[in-house]
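Asks: This is the structure, below, for whatever I ask next.
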Amino acid sequence: MAFSGLDIYKLLPKTNCRECGFVTCLAFAMQLAKKAVSIDKCPYLSEEAKRVLEASSQPPIKLVNIGEGDNKLEVGNETVLFRHEEKFYHPTAVGFIIEDSLSVDEIKHRLERINKLKFERVGQELNVNLVAVRHTSDKKKFIEAIQTVLNNTPLALVLMSDEPEALKEALKITAQRRPLIYHATKDNAGQFSKLAQEFKVPVVASSSDLETLSGLTRELNNQGVNDIILDTGVKPVKDKIWDLTQERRQALKKSNRSLGYPTLVIIDAKDPYEEVMEAATYISKYASIVLMRGIEAWQVLSLLTLRQNIYTDPQKPLQIEPKLYSVGAVSSKSPVLVTTNFSLTYYTVLGEVEASKVPSYIVSVDTEGMSVLTAWAAEKFTPEKISDSINKFVVKDTVSHMRLIIPGYVAVMSGDLEDKSGWQVVVGPKEASGIPSFLKNL
Ligand code: SF4
């Protein structure tokens with residue numbers, strides 16, 4: 017937990033010797049609390065004070081890296097229980113379990129489909145993150161499956177086996193991809209910590225109860241392993257939510273370092289709808305990694321859309337650059353539609369204009385990322401703002417007419433906008449879904 021300036025002051029020598037460059041120890045403590053200086057500036061700190069202050073400057077939930085290069089993943093380092101308190105930082109990694117009992121061709125086919133799970137939504141690319149190979153056959157099949165995965169996907173890897181010997185063989189061919197290894201238990205912690213250290217890879221620590229899990233992470237720490245992911249096994253949803261919430265609360269509210277790690281959940285539901293519902297529940301609260309079997313696009317798109325919404329900054333709505341956009345083979349006669357720069361609004365309008373097949377211009381007004389009605393109510397989408405935007409983007413030099421189409425919900429401003437801008441205002445449909453027929457009949 018981060019210390020306040022006064023908490024830090026209590027640990028300082030309080031001699032006001034000024035060697036740190038500050039007039040008093042209190043002034044130094046205040047700067048330290050803001051992370052504006054380093055503790056090394058005070059040469060008189062006791063070892064105990066150093067240890068406490070260094071520990072307090074560590075994030076309450078450790079940041080763990082999995083994978084390398086473009087597909088490197090960062091999980092953990094979250095700072096709040098509730099998104100509205102600040103924001104969530106590292107989106108839940110979504111991955112897929114492949115059993116080594118499948119044939120090479122079946123594995124290749126699944127990987128081909130997994131590699132295609134990329135979507136674009138409100139101007140952002142949504143991707144999946146991991147492939148987990150589960151050891152259910154013999155060692156040879158496990159290694160063969162891993163080799164197939166290595167050769168056919170760039171995604172980060174999870175190696176799942178209860179046999180440290182099989183994992184060692186697997187790590188020899190995958191270590192450069194820094195896979196996550198699954199899973200150390202209280203019975204095999206020594207063997208897994210050796211593997212984690214030898215190959216410099218993160219490790220999943222598993223126990224069905226939190227007390228044992230906490231002891232297990234301490235044991236791994238004592239053996240030199242610090243990149244740990246927590247797992248409490250497959251459980252009914254309510255029990256799993258309890259575990260995930262307790263882990264997060266213990267780390268953030270109780271400064272319990274032994275549970276201050278990212279978390280992993282394996283979805284075991286057979287029904288594809290249940291699988292999505294479970295995964296959505298854990299993405300909402302508080303899984304860092306979700307591994308599932310289903311690879312249908314409808315399943316994955318729902319989850320990635322949910323993830324995108326949860327991991328945006330609640331104080332900063334997704335925005336696009338305010339400017340004049342052209343859609344299709346526009347000409348000087350093309351209609352000009354006005355909307356806001358809230359990404360969801362803009363991309364919804366864009367989609368409908370594209371669907372209409374009527375080449376058009378869209379003026380995106382800077383409403384600080386607010387949607388039409390919210391911006392209008394907050395006086396960010398006003399006749400003045402719209403007039404300023406069409407002047408700034410010199411729309412009159414782009415088209416040969418002076419006709420603007422505004423959203424139907426703000427029809428009330430049409431007269432005022434005509435007076436302010438000198439453009440004729442046409443009131444468009446209230447809902448974006450009405451745009452195609454509106455444009456075709458214009
Ligand atoms: S160097 Fe240390 S003891 Fe001296 S004023 Fe700064 S904080 Fe206080």
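To get the working numbering, take the position in the sequence shown, counting from 1, and add 16. Ideal Cβ placement from N, Cα and C applies to all residues, glycine included.
#1: With a CB to CB cut of under 6 Å and the five nearest residues on each side skipped, what residues in its chain are close to L275?
#2: Taking only three categories from DSSP, how would you classify Q163?
#3: With DSSP collapsed to three states, give me the class of K202.
#4: Hey, would you say the C-beta of P29 is under 7 Å away from at least one heavy atom of the ligand SF4?
#5: Taking Cβ positions, are T190 and L175 nearer each other than 8 Å?
#6: At a cut-off of 7 Å, is F44 close to the ligand SF4 when judged by its beta-carbon and the heavy atoms of the ligand?
#7: Would you mind working out which of E434, S437, G438, A427 sits nearest P445, comparing C-alpha positions?
#8: Run the CB neighbour count on A71, radius 10 Å, all protein chains shown included, and call it buried at 16 or more, exposed below.
#9: Determine, using beta carbons only, whether S223 and T248 come nearer to each other than 8 Å.
#10: Report the option in R323, F454, I24 whose CA atom is closest to the CA atom of V443.
#11: V110 and L320: beta carbons closer than 8 Å?
#12: Is the stretch 416-435 touching the stretch 350-365, taking contact as three or more C-beta pairs under 8 Å?
#13: Is it buried or exposed for K256, if we count other Cβ within 10 angstroms and need 16 for buried?
#14: Write down the C-beta distance between V379 and V352 rounded to the nearest angstrom, noting that I regard them as a contact closer than 8 Å.
#15: Report all residues from its chain with a CB closer than 7 Å to the CB of Q213; omit the five preceding and five following residues, and keep chain order.
#16: Beta-carbon separation of L246 and A200 under 8 Å?
#17: In or out: T108 buried (at least 16 other Cβ within 10 Å) or exposed?
#18: If we ignore side chains and look at the alpha-carbon of each, how far apart do P375 and W392 end up?
#19: Taking 8 Å as the cut-off, decide whether the C-beta atoms of I282 and I299 are in contact.
#20: Please return the same chain residues whose Cβ sits closer than 8 Å to the Cβ of V365, not counting the five positions on each side in sequence.
#21: Give me the DSSP bridge partner(s) of N81.
#22: Run the proximity test for E35: is its beta-carbon closer than 7 Å to any non-hydrogen atom belonging to the ligand SF4?
#23: Taking the alpha carbon of C58 as the point to measure from, which residue in S430, K51, R34 has its own alpha carbon closest?
#24: Cβ of F19 versus every heavy atom of the ligand SF4: is any distance shorter than 7 Å?
#25: Quick check: is any heavy atom of the ligand GTP less than 7 Å from the C-beta of Y198?
#26: Would you identify the three-state DSSP class for G344, choosing helix, strand or coil?
#27: Pull up the distance between the alpha-carbon of N87 and that of N145, whole angstroms please.
#28: Could you tell me which residues DSSP pairs with G21 in its beta bridges?
#29: I want to check one thing, is the minimum distance from the CB of Y60 to the heavy atoms of the ligand SF4 below 7 Å?
#30: Say the cut is 7 Å; is the CB of F38 nearer than that to a heavy atom of the ligand SF4?
#31: Do you know offhand how far V219's Cα is from S403's?
#32: Is it the case that the CB of N32 approaches a heavy atom of the ligand SF4 more closely than 7 Å?
#33: Please go through the same chain and pick out, in chain order, the residues whose beta-carbon is closer than 7 Å to the beta-carbon of E185, but skip the five residues on each side of it.
#34: How is E384 classed by DSSP in three states: helix, strand or coil?
#35: List the DSSP bridge partners of V442.
#36: Measure how close the beta-carbons of S348 and S405 come, nearest whole angstrom, since I'm counting them as under 8 Å.
Replies: Per the coordinate set shown:
#1: Apart from the 5 residues on each side of it in sequence, L275 sits with its Cβ closer than 6 Å to the Cβ of S230, E263, Q266, A267 in its chain, given in chain order.
#2: Here Q163 sits in helix by DSSP.
#3: K202 falls in the coil class under three-state DSSP.
#4: At least one heavy atom of the ligand SF4 is found less than 7 Å from the C-beta of P29.
#5: Contact flag set, yes.
#6: Distances between the C-beta of F44 and the heavy atoms of the ligand SF4 include at least one below 7 Å.
#7: Considering only E434, S437, G438, A427, the residue with the shortest C-alpha distance to P445 is A427.
#8: Exposed: under 16 other Cβ atoms inside 10 Å.
#9: The answer is yes: Cβ separation under 8 Å.
#10: Looking at the Cα atoms, F454 is the closest of the given residues.
#11: If you check the CB distance, V110 and L320 come in under 8 Å.
#12: The stretch 416-435 vs the stretch 350-365: in contact.
#13: With 16 or more other Cβ atoms within 10 Å, it is buried.
#14: About 6 Å separates the CB atoms of V379 and V352; that is less than 8 Å, so the two are in contact.
#15: The answer, listed in chain order, is G240, V241.
#16: The criterion of a C-beta distance shorter than 8 Å is not satisfied by L246 and A200.
#17: T108 should be labelled buried.
#18: Roughly 27 Å separates the two Cα atoms.
#19: Not in contact: I282 and I299 (Cβ atoms no closer than 8 Å).
#20: Only L353, T355, I378, A448, I451 meet the Cβ criterion.
#21: DSSP output for N81 lists E90 as bridge partner(s).
#22: E35 Cβ: within cutoff of the ligand SF4.
#23: Among S430, K51, R34, the Cα nearest to that of C58 is on R34.
#24: No - the ligand SF4 has no heavy atom lying nearer than 7 Å to the Cβ of F19.
#25: Questions concerning the ligand GTP fall outside what the structure shown contains, since the ligands it does hold are the ligand SF4.
#26: For G344, the secondary structure class from DSSP, reduced to helix, strand or coil, is coil.
#27: Between N87 and N145, the alpha-carbon positions lie close to 7 Å from each other.
#28: Answer is none; G21 lacks a bridge partner.
#29: Within the cutoff, so yes.
#30: For F38, the shortest separation between its Cβ and any heavy atom of the ligand SF4 lies below 7 Å.
#31: Straight-line Cα distance between these residues: approximately 58 Å.
#32: Yes.
#33: Cβ neighbours of E185 beyond the five flanking positions: K155, I159.
#34: DSSP places E384 in the coil class of the three-state scheme, outside both helix and strand.
#35: Paired residue(s): I421.
#36: A Cβ-Cβ separation of about 19 Å leaves S348 out of contact with S405 under the 8 Å criterion.
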